[in-house]
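J.: Residue numbers (the UniProt record's numbering): 1 to 540.
Right under this line is the structure:
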């Protein structure tokens with residue numbers, strides 16, 4: 001299929017394939033098995049083979065880990081006139097069932113290692129869901145992924161192998177270019193779940209046109225960079241932070257990109273082996289890298305090629321950022337990204353801007369950001385902040401099946417409530433905390449994120465979360481601390497640590513408790529709802 005880059009793209013597939021570069025170079029590369037890779041020519045060929053596998057209008061769920069086939073499967077789903085949705089392979093049966101039902105999934109594509117939980121979830125669904133089993137055999141002939149010890153696979157009437165579906169001759173009767181002419185820009189392209197930090201996740205539906213707008217807006221002045229862009233990906237590909245880069249822009253812009261199944265201790269070695277220059281992380285990964293580098297010269301040497309790190313998914317504290325840059329002082333840029341499932345990336349810094357003020361960036365092109373004047377709060381330094389409202393053509397169409405929540409999120413003039421408290425200064429966006437997480441102590445505003453960042457400065461603390469307890473004049477912070485292994489910490493020690501660094505009103509009424517772990521979602525956000533339930537049930 002030939003894509004004419006001079007023609008405007010009205011669907012995400014045409015847009016992703018519109019880049020001009022050598023289409024025979026390895027582009028999507030397996031970080032564990034680099035000989036397993038896809039070129040742009042391969043991507044077009046596989047997309048064409050798979051397009052039409054499903055009936056237009058269906059929703060297809062990928063219950064798969066990060067992999068080089070994932071972006072191609074997404075393109076094929078969209079080229080079929082279907083809607084893509086993706087799930088976390090760590091989901092247990094009920095979590096997966098909720099996503100499949102809420103997203104109105106008709107088919108789920110999964111791998112042998114995840115088949116059992118998919119089968120269990122599908123059996124609980126109120127409507128039929130077809131299961132398709134993915135394997136390398138249909139695309140690469142064989143690889144390490146299809147050898148060795150594989151789990152026993154029970155195939156029943158609900159499961160079809162993808163290679164069997166590909167034998168259906170009707171798939172080749174319509175060309176890819178003809179299929180794409182039928183995909184409208186305003187049709188639904190993706191369904192992503194919200195973080196679910198305060199309740200069951202909602203399903204965010206976005207159009208092809210919205211995603212084209214986003215991916216175009218976040219292109220990072222690559223031609224001005226003084227180094228070749230080679231990326232290592234390890235963040236969850238189904239997440240709103242990762243998706244536009246890992247699925248779309250890598251293919252459109254032609255950056256050689258290595259895909260890890262997940263972040264692990266081999267991350268820095270892979271940066272060295274593949275001479276990676278850019279990567280994407282969440283704050284907990286930065287913390288882990290800094291800890292790994294303590295007294296380990298190999299770790300520091302391994303990432304000498306790294307020039308830029310994009311960070312999102314959860315608040316990045318100044319302390320974590322500073323510690324990382326101190327350990328890896330050759331890394332030129334640690335760039336924050338602010339956004340939501342409801343609209344993708346809202347703000348970031350484009351090359352070559354470097355920010356040392358703690359901002360989460362400038363609004364990306366096509367985005368407007370303002371402070372809601374009805375929600376103003378005064379911060380400790382006397383400055384004012386409020387809930388940030390955003391407006392852009394890249395925002396969601398709706399929360400699928402939840403008109404009430406959609407209506408509550410949008411104002412009459414099309415501004416989306418972000419739920420984040422922040423302010424604008426010199427064209428930059430600054431975040432204070434989530435609106436629903438802010439704690440009021442005797443009328444004063446206390447930010448859980450500030451308390452957490454300060455506690456993390458303690459050398460013997462591994463993790464921390466802060467909740468609000470009580471109501472009215474009894475409202476106060478509950479600081480839940482995870483100490484490092486083989487460390488004995490006292491509550492008063494944490495309290496004094498805070499009192500020495502923050503205004504007294506923020507700390508004086510705070511409770512401190514020690515727990516074994518902090519529940520987080522895949523992007524690193526604290527699941528405060530789960531912690532709140534544990535507190536209310538007396539388990540904390």
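Just so it is clear, CB atoms sit at the ideal spot from N, CA and C, and this is done for glycine as well.
1) Provide the residue(s) that pair with residue 440 in DSSP beta bridges, ordered along the chain.
2) Which residues bound the alpha helix (DSSP H) around residue 285?
3) At the level of alpha carbons, what is the spacing between residue 97 and residue 517?
4) Could you pull out every residue in the same chain whose Cβ sits closer than 7 Å to the Cβ of residue 512, ignoring the five residues on either side in sequence?
5) Looking at the secondary structure, which residues open and close the beta strand (DSSP E) in which residue 238 lies?
6) Give me the residue from 510, 57, 276 and 286 with the minimum Cα distance to residue 228.
7) Give the secondary structure of residue 320 by DSSP, where H, G and I count as helix, E and B as strand, and everything else as coil.
8) Just to confirm, is the Cβ distance from residue 241 to residue 280 under 9 Å?
9) Please confirm if residue 531 has its CB atom under 9 Å from at least one CB of chain B.
10) Taking the beta carbon of residue 169 as the centre, do at least 16 other beta carbons fall within 10 Å, making it buried, or is it exposed?
11) Do residue 189 and residue 83 come within 9 Å of each other at the CB atom, strictly closer than that value?
12) Where do the ends of the beta strand (DSSP E) carrying residue 479 lie?
13) Among 288, 308 and 309, which residue has its Cα nearest to the Cα of residue 299?
14) Quick one: grab the DSSP three-state call for residue 75.
15) For the region 416–428 against the region 339–356, are there 3 or more C-beta pairs whose distance is under 8 Å?
16) From which residue to which residue does the alpha helix (DSSP H) around residue 314 run?
17) Output the boundary residues of the beta strand (DSSP E) element that contains residue 425.
18) Beta carbon of residue 316, beta carbon of residue 267: below 9 Å?
19) According to DSSP, simplified to helix, strand and coil, what is residue 399?
20) Considering only the alpha carbon of each residue, which of 477, 536, 400 and 78 lies closest to residue 203?
21) Can you check DSSP and say which residues form a bridge with residue 463?
22) Please state whether DSSP places residue 450 in a helix, a strand or coil.
23) Going along the chain, which residues of its own chain have a beta-carbon closer than 7 Å to the beta-carbon of residue 334, five neighbours each way excluded?
24) Less than 9 Å separating the beta-carbons of residue 118 and residue 106?
25) Identify, in the order they occur along the chain, each residue of the same chain with its Cβ nearer than 6 Å to the Cβ of residue 260, setting aside the five sequence neighbours on each side.
26) Is residue 127 helix, strand or coil by DSSP?
27) Classify residue 486: buried if its beta carbon has 16 or more other beta carbons within 10 angstroms, exposed otherwise.
28) At the level of alpha carbons, what is the spacing between residue 388 and residue 247?
29) Does residue 70 come out as helix, strand or coil in the three-state DSSP assignment?
30) I need the straight-line Cα distance from residue 290 to residue 514, nearest angstrom please.
31) Please confirm whether residue 361 and residue 375 have their CB atoms less than 9 Å apart.
32) Near residue 539, which residues of its chain fall below 6 Å by C-beta distance, leaving aside the five closest residues on each side in sequence?
33) With a threshold of 8 Å, are at least 3 pairs of Cβ atoms found where one atom belongs to the region 74–83 and the other to the region 42–61?
34) Measuring straight from C-alpha to C-alpha, what distance separates residue 363 and residue 425?
35) Kindly indicate the opening and closing residues of the alpha helix (DSSP H) around residue 252.
36) Looking only at C-alpha atoms, which of 526, 346, 293 and 530 sits nearest to residue 465?
T.: Put simply:
1) Under DSSP, residue 440 forms a beta bridge with 445.
2) Unbroken alpha helix (DSSP H) run through residue 285: 283–293.
3) C-alpha of residue 97 to C-alpha of residue 517: approximately 26 Å in a straight line.
4) So the list reads 479, 481, 491, 494 and 495, once near-sequence residues are dropped.
5) Segment: none, residue 238 is in no beta strand (DSSP E) and carries neither H nor E.
6) Considering only alpha carbons, the answer is 276.
7) Helix, per DSSP.
8) With respect to the 9 Å criterion, residue 241 and residue 280 are classified as neighbours on the basis of their beta carbons.
9) Among the chains in the structure shown there is no chain B, since it carries only a single protein chain.
10) Bear in mind that a pLDDT of 49 at residue 169, under 50, signals an unreliable position, so the number given afterwards is only what the model happens to contain. That one is exposed.
11) Yes, the Cβ-Cβ distance between residue 83 and residue 189 is below 9 Å.
12) Unbroken beta strand (DSSP E) run through residue 479: 476–483.
13) Considering only alpha carbons, the answer is 288.
14) In the structure shown, residue 75 sits in a helix (DSSP, three-state: H, G or I).
15) In short, these stretches touch, since the Cβ pair count reaches three.
16) Careful: residue 314 lies outside any alpha helix (DSSP H) and carries neither H nor E.
17) Element bounds for residue 425: 416–425.
18) Their beta carbons are not under 9 Å apart, which means residue 316 does not touch residue 267 by this criterion.
19) Strand at residue 399.
20) Closest option to residue 203, Cα to Cα, is 400.
21) Within the DSSP secondary-structure output, residue 463 pairs in a beta bridge with 482.
22) Secondary structure of residue 450 (DSSP, three-state): helix.
23) The beta carbon of residue 334 sits closer than 7 Å to the beta carbons of 309, 311, 321, 324 and 325 from its chain, once the five residues preceding and following it are set aside; these are given in chain order.
24) For the 9 Å CB-CB criterion, residue 118 and residue 106 do not form a contact.
25) Cβ within range, chain order: 31 and 234.
26) Note: residue 127 maps to coil in three-state DSSP.
27) Exposed.
28) Cα to Cα, residue 388 sits roughly 28 Å from residue 247.
29) DSSP, read as helix, strand or coil, puts residue 70 in helix.
30) A straight line joining the alpha-carbon of residue 290 with that of residue 514 spans about 23 Å.
31) Cβ atoms of residue 361 and residue 375: not closer than 9 Å.
32) Cβ neighbours of residue 539 beyond the five flanking positions: none.
33) Enough Cβ pairs lie closer than 8 Å, so yes.
34) Taking the straight line joining both Cα atoms gives about 12 Å.
35) Here the alpha helix (DSSP H) through residue 252 covers 250–253.
36) That would be 526, whose Cα lies nearest to the Cα of residue 465.
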